[in-house]
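Quick notes on the structure that follows.
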Amino acid sequence: MKRWFLGISLLLTGCGEAYAPYFTDIETDRDLDSDTVEFEGDPWLIPGVVEEQLFTEVESGGEMHIIHGFQGGVWVHLSIRVNGMRSLGRIQAGLGEDNSVGETQYDLRLARTAEGYLEAYDIPIPISYRGDDLAGHLESLYGSEQPLNITFRVQDRTVSDRRQIILQPG
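Structure follows, in structure tokens:
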């Protein structure tokens with residue numbers, strides 16, 4: 008009797024409407040066509056760092072860390088969040104007056120986040136130095152306040168930001 012009841016129960020659970028959950032992803036790989044999209048407001052750029060897999064804005068007076076690379080070199084790693092621009096452009100970032108501490112520039116494709124912003128997570132700015140006393144040069148930079156200059160350019164549109172940051176050992 009138990010087997011008969013169990014068999015009927017299993018048969019009845021298979022009858023009825025099929026349940027198929029519907030999931031959709033936000034398209035993060037699409038780009039905005041500047042000919043068809045009108046941007047609302049002015050474009051903006053926010054410098055930051057990625058902590059615990061989340062973008063964190065670096066305020067003026069905030070800290071950024073100088074990191075020794077695994078394959079050599081000394082770097083400050085920057086992240087940016089951009090809105091109101093296309094994703095493929097040229098990034099220019101520098102530290103210090105006239106970018107004397109370090110600078111970088113190259114073509115970059117930003118990734119669209121689920122929130123709709125464009126972000127780049129790891130923009131390395133190499134720390135420049137001359138001579139053999141790297142340790143002494145880094146000691147002079149630790150705790151110093153330096154301007155961080157960032158520009159992202161797409162065709163004829165440019166967005167930039169400048170903030171004072173404090174360099175710390177990483």
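With positions in the sequence shown counted from 1, the corresponding number in this note's numbering is that position plus 7.
Glycine is no exception: its CB is placed at the ideal position from the N, C-alpha and C atoms.
With 16 other Cβ atoms within 10 Å as the buried cut-off, status of residue i
i      : result
Ser-86 : buried
Own chain residues within Cβ distance below 6 Å of residue i, not counting five before or after
i       : result
Asp-129 : His-84
Thr-111 : Ala-100 and Ile-132
Glu-70  : Ile-173 and Gln-175
Own chain, CB closer than 7 Å to residue i, minus 5 neighbours either side, in chain order
i       : result
Leu-117 : Val-89, Ser-94, Leu-125, Glu-126 and Ala-127
Gly-177 : His-72, Ile-73 and Ile-74
Tyr-149 : Leu-174, Gln-175 and Pro-176
His-4   : This structure cannot speak to residue 4, because the chain is shown only from 8 to 177.
Alpha-carbon to alpha-carbon, residue j and residue i
i       : j       : result
Arg-160 : Pro-54  : 15 Å
Gln-60  : Arg-164 : 29 Å
Residue j beta carbon less than 7 Å from that of residue i
i       : j       : result
Leu-102 : Leu-155 : yes
Gly-96  : Pro-50  : no
Ile-134 : Val-81  : yes
The ligand FMN heavy atom lying under 6 Å from the CB of residue i
i       : result
Val-108 : With respect to the ligand FMN, the structure shown offers nothing to examine, as it has no ligands at all.
Same chain, Cβ closer than 8 Å to residue i, five either side skipped, listed in chain order
i       : result
Gln-184 : With the chain running from 8 to 177 in the structure shown, residue 184 is simply not present.
Glu-64  : Ile-53, Pro-54, Gly-55 and Arg-88
DSSP beta-bridge partners of residue i
i       : result
Gln-99  : Gln-112 and Thr-158
Gln-153 : Ile-172
Trp-11  : The partner list for Trp-11 (beta bridge, DSSP) is empty, contrary to what the question assumes.
Beta carbon proximity, residue i to chain C, threshold 7 Å
i       : result
Gln-162 : The structure shown contains no chain C; it is built from a single protein chain.
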